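Contents: one structure, followed by commentary.
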Amino acid sequence: MEGFEERLARLEKLAVKIRDRDVLLEKAVTMFDEGVELSKGLEEELQGLERKIEILSNEPPLDGSGKVELKPF
């Protein structure tokens, strides 16, 4: 499986190729389809990472107070 950066780079390349006037409509639609799927996967991964960061940043303080302060990401 490709990493996040590789998939993002692929999405960017697809966006450039789709704008090319020499690309046939059928090929552009296929690339658009792939781009939508890549976009959905990247968005899900980002949301998961944001949740993880929020959880990690809201761990109980080491001072033992037990108070947890929620910090929006």
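Following my numbering, the numbering of the sequence shown begins with 1 at its first residue and continues without gaps.
Quick reminder that beta carbons are idealized off the backbone N, C-alpha and C, glycines included.
Only a predicted model underlies this, so the values are computations on that prediction, with no experimental measurement involved.
For a test of the three-state rule: what should DSSP assign to residue 25, helix, strand or coil? Residue state, collapsed to three classes: helix.
Do the region 21 to 32 and the region 3 to 12 make contact, defined as three or more Cβ pairs closer than 8 Å? no
Counted within 10 angstroms of its Cβ, other Cβ atoms place residue 14 as buried (16 or more) or exposed: buried
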